[in-house]
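>
Numbering (my numbering), first residue to last: 154 to 298.
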């Protein structure tokens with residue numbers, strides 16, 4: 154990939170000569186690269202690289218991001234499945250989990266209260282005792298990815 158200065162020079166040479174083969178030979182590039190740059194400039198009006206358009210696009214909107222954060226702040230013990238169902242999101246639990254982690258949240262097991270810990274633990278009761286998870290904001294929220 155050519156950097157912006159080289160792209161600019163290739164297109165300036167095109168504007169002067171209109172000879173793709175000569176330009177490609179002079180810049181030690183491929184003719185198809187010159188054609189691609191000419192086409193891109195005609196389509197977008199710019200020769201600069203479009204790095205911000207790479208990668209997978211997010212499905213959730215900014216409003217949905219805001220709604221998720223509000224819901225987690227109101228109900229820290231809400232599950233990811235409940236978030237998806239409450240807000241009618243077009244994504245699965247994993248996408249919500251990844252978003253919350255990028256925002257600096259982690260989930261931790263909610264500790265059992267003293268009276269729940271003292272209770273006799275038979276096989277049936279142990280299975281029915283579910284520990285809930287709660288969302289906690291980490292100290293550092295600037296997770297880079």
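Yeah, the Cβ is synthetic: ideal placement off N, Cα and C, and Gly gets one too.
Decide if residue 212 is buried, meaning its Cβ has at least 16 other Cβ atoms within 10 Å, or exposed.
The residue in question, residue 212, is exposed, as its Cβ has fewer than 16 Cβ neighbours within 10 Å.
> Could you give the DSSP three-state label for residue 259: helix, strand or coil?
strand
> So what's residue 290 in DSSP terms, helix, strand or just coil?
strand
> Kindly list the residues whose CB is nearer than 7 Å to the CB of residue 188, restricted to its own chain and excluding five residues on each side of it in sequence; keep chain order.
173
> Would DSSP call residue 237 helix, strand or coil?
helix
> Check residue 192 in the structure and name its three-state DSSP category.
Helix, per DSSP.
> Could you give the DSSP three-state label for residue 170: helix, strand or coil?
For residue 170, the three-state secondary structure derived from DSSP is helix.
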